[in-house]
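If you're matching positions, the sequence shown starts at 3 in our numbering and goes up one per residue. Quick reminder that beta carbons are idealized off the backbone N, C-alpha and C, glycines included. Right, one structure below, let's go through it.
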Amino acid sequence: MWTSKKFAYVSLKEAYLLIREVVKEKLLEEVVPVFQAYNRVLAEDVISNVSIPPFSVSHVDGYALRSEDTIKASINNPVSLKVVGRIYLDEGYRGGVKSGEAAYISTGCALPDGADAVAPVERVRDKGDYIEVLRPLKPGENVIPAGADIKRGEKVFSVGRILHAQDVKLLMDMKKWTVKVFRKPVVAMISIGSELTNRIEEADKKKFDSHSMAISILVSEAGGVPLSMGIAPDETHAIINMLKEGLKRADIVATIGGASIGEKDYVLEAIRQIGESKIVIRGIRVQPGRVTSLCMLDGKPIVMLPGHFQSTLVGFYAVLLPLIRLFSGLEPIDSYLTVRAKLSRKMIIREFLPFERVRFVKLIRVSGDYFAEPILGNSSLVSVVTNSDGFIIIPQGKEIIEEGEEIDVHLLKGLYPFK
Numbered sequence: 003m004w005t006s007k008k009f010a011y012v013s014l015k016e017a018y019l020l021i022r023e024v025v026k027e028k029l030l031e032e033v034v035p036v037f038q039a040y041n042r043v044l045a046e047d048v049i050s051n052v053s054i055p056p057f058s059v060s061h062v063d064g065y066a067l068r069s070e071d072t073i074k075a076s077i078n079n080p081v082s083l084k085v086v087g088r089i090y091l092d093e094g095y096r097g098g099v100k101s102g103e104a105a106y107i108s109t110g111c112a113l114p115d116g117a118d119a120v121a122p123v124e125r126v127r128d129k130g131d132y133i134e135v136l137r138p139l140k141p142g143e144n145v146i147p148a149g150a151d152i153k154r155g156e157k158v159f160s161v162g163r164i165l166h167a168q169d170v171k172l173l174m175d176m177k178k179w180t181v182k183v184f185r186k187p188v189v190a191m192i193s194i195g196s197e198l199t200n201r202i203e204e205a206d207k208k209k210f211d212s213h214s215m216a217i218s219i220l221v222s223e224a225g226g227v228p229l230s231m232g233i234a235p236d237e238t239h240a241i242i243n244m245l246k247e248g249l250k251r252a253d254i255v256a257t258i259g260g261a262s263i264g265e266k267d268y269v270l271e272a273i274r275q276i277g278e279s280k281i282v283i284r285g286i287r288v289q290p291g292r293v294t295s296l297c298m299l300d301g302k303p304i305v306m307l308p309g310h311f312q313s314t315l316v317g318f319y320a321v322l323l324p325l326i327r328l329f330s331g332l333e334p335i336d337s338y339l340t341v342r343a344k345l346s347r348k349m350i351i352r353e354f355l356p357f358e359r360v361r362f363v364k365l366i367r368v369s370g371d372y373f374a375e376p377i378l379g380n381s382s383l384v385s386v387v388t389n390s391d392g393f394i395i396i397p398q399g400k401e402i403i404e405e406g407e408e409i410d411v412h413l414l415k416g417l418y419p420f421k
């Protein structure tokens with residue numbers, strides 16, 4: 003039900019709770035080839051159908067033998083063993099090893115029948131047709147037993163895991179050629195403003211729509227699929243048409259600009275005219291980015307991002323990013339993407355005290371410690387972001403951060419390099 007254009011600010015914590023309520027339906031899944039599984043989120047537990055290695059293999063280049071033959075071996079009294087064959091990864095001896103015998107074996111090759119240990123090449127004397135073993139070997143020495151890496155029936159990965167390079171390798175080693183993952187949410191991007199253009203030949207006369215490109219990159223890095231709907235002029239009817247098309251083609255719709263209460267901010271009115279809608283968030287208690295809003299229409303979320311670049315980024319972090327992650331089967335915020343740092347100089351922040359305040363910082367590493375140097379400038383300045391390595395969130399009511407005080411620096415994939 004429609005309520006009001008007025009703001010009813012919520013904190014970041016409250017916003018995350020409200021966003022969780024939006025994503026309650028069963029998430030969509032799909033099966034993809036393992037070759038395309040990198041960075042996807044598992045929608046099922048992965049249970050191994052094989053043991054890795056499937057049989058005992060040599061851990062070194064050496065000679066497979068029976069450990070009991072070497073019990074009395076020493077430098078002064080070496081044990082002589084006849085070399086009956088040579089085993090390589092792609093070819094070679096396929097017979098067994100009897101008492102008094104040994105077989106040369108390459109690293110990773112299956113042990114021949116009868117052998118239970120491997121003497122490294124550098125620890126024996128090679129006499130051509132036979133070798134001399136210079137010390138006793140224990141059963142299993144230099145041998146990787148079957149299932150040492152993965153056992154058949156073992157749960158290897160749990161639902162919700164993001165698959166990395168090593169995970170894809172292991173899946174292929176297990177001969178699991180397809181995996182079930184959560185489908186990436188499609189995010190329809192609509193830029194609002196008659197002053198905007200996406201045509202290079204008009205870039206000297208109008209403002210080029212670079213915001214949507216930057217946010218599209220962040221959407222991709224977050225695990226979503228950006229879908230550019232283009233630019234809607236400051237006209238309610240045009241915005242309505244783009245919103246309708248976005249709702250048809252995407253899981254989430256995101257608008258950039260036109261979300262405040264100014265004379266040319268038409269997004270809320272356009273949503274109202276389309277049909278029955280519900281405001282979930284009308285403003286966040288964060289500055290910059292406070293006009294960021296979220297509503298539901300036709301069962302789908304519409305995120306309204308502010309127009310100033312820093313505000314757009316904060317709105318993305320506060321609302322759009324958690325939505326994408328929840329649709330992808332993940333927690334709303336990646337807690338790993340923070341760096342603990344010490345503030346390089348004292349900060350006094352008396353503006354917007356009832357709000358959480360975001361400030362961009364540059365990270366400097368000194369003798370293993372990180373220091374955060376504030377980068378100051380108003381919310382329209384892109385250079386503040388390009389000169390920074392992350393941002394800090396200052397709690398409500400806090401006026402002073404002392405030099406050397408420890409703070410959390412937040413990072414965003416696609417925005418900052420990870421140091």
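Taking a contact as a CB-CB distance under 8 Å, the pair K302 and I276 does not count as one, their CB atoms being some 11 Å apart. Below 8 Å, too few C-beta pairs join the stretch 162-175 and the stretch 81-100 to call them touching: fewer than three. Pairing M174 with V36, the inter-Cα distance amounts to about 7 Å.
In the DSSP assignment, A256 falls outside any alpha helix (DSSP H) and within the unbroken beta strand (DSSP E) covering 254-258. Assigned with DSSP and collapsed to three states, T199 falls in strand. Nearest neighbour of L315 by Cα position, chosen from M215, A45, E156, turns out to be M215.
Residue environment: P147 is assigned as exposed (fewer than 16 neighbouring CB atoms within 10 Å of its CB, all protein chains considered). Taking every protein chain shown into account, the CB of I73 has fewer than 16 other CB atoms within 10 angstroms, so this residue is exposed. In the structure shown, E124 falls within a helical segment according to DSSP collapsed to helix, strand and coil.
Counting along the chain, F311 sits inside the alpha helix (DSSP H) bounded by residues 311-317.
Taking all protein chains shown into account, D71 has 16 or more neighbouring C-beta atoms within 10 Å of its C-beta and is therefore buried. The count of Cβ pairs closer than 8 Å, one atom from the stretch 148-160 and one from the stretch 51-71, reaches three, so the stretches are in contact. No Cβ-Cβ contact shorter than 8 Å links P324 with I49. Taking a C-beta distance under 8 Å as the contact criterion, R361 and V12 do not qualify as a contact pair.
Each residue's CA atom was taken as its position, placing F393 and A272 some 33 Å apart. Judged by beta-carbon spacing, A205 lies within the 8 Å limit of T199, meaning their Cβ atoms are closer than that value. The stretch 155-242 is shown to contain whole beta strand (DSSP E) runs of 3 or more residues at 157-159, 180-184, 188-194, 227-234, in chain order. The DSSP-derived three-state label of G392 is strand. Judged by DSSP secondary structure, Y18 falls within the alpha helix (DSSP H) whose first and last residues are 14-24. Judged by beta-carbon spacing, V43 lies within the 8 Å limit of S330, meaning their Cβ atoms are closer than that value. The stretch 268-337 is shown to contain whole alpha helix (DSSP H) runs of 4 or more residues at 269-276, 311-317, 323-329, in chain order. The bridge partners DSSP lists for M349 are I403. For R359, the enclosing beta strand (DSSP E) covers residues 358-368.
Here R352 is exposed. Its C-beta has fewer than 16 other C-beta atoms within 10 Å.
Closest in C-alpha terms to P397, from the list T109, L14, A10, K8, comes L14. I107 and P122 have their alpha carbons spaced roughly 9 Å apart. Nearest Cα to V158 within the set M176, P138, V145: M176. Here K186 really is in contact with V227; their C-beta atoms are around 5 Å apart, less than 8 Å. DSSP lists no beta-bridge partner residue for Y11. DSSP places P35 in the uninterrupted beta strand (DSSP E) bounded by 31-35.
Within the same chain, Cβ atoms closer than 6 Å to the Cβ of L413 are found at L339, G392, the five residues on either side in sequence being excluded. Counted as a single uninterrupted DSSP element, the stretch harbouring L383 is not any beta strand (DSSP E), since DSSP gives it neither H nor E. Its Cα nearest to that of A112, the residue G142 stands out among S390, K84, G142, T238.
V62 sits close to N144, with the two beta carbons spaced by under 8 Å. Residue burial annotation: H239 is exposed, with fewer than 16 other C-beta atoms found within 10 angstroms of its C-beta. Going by beta carbons, L307 and A256 fall inside the 8 Å limit.
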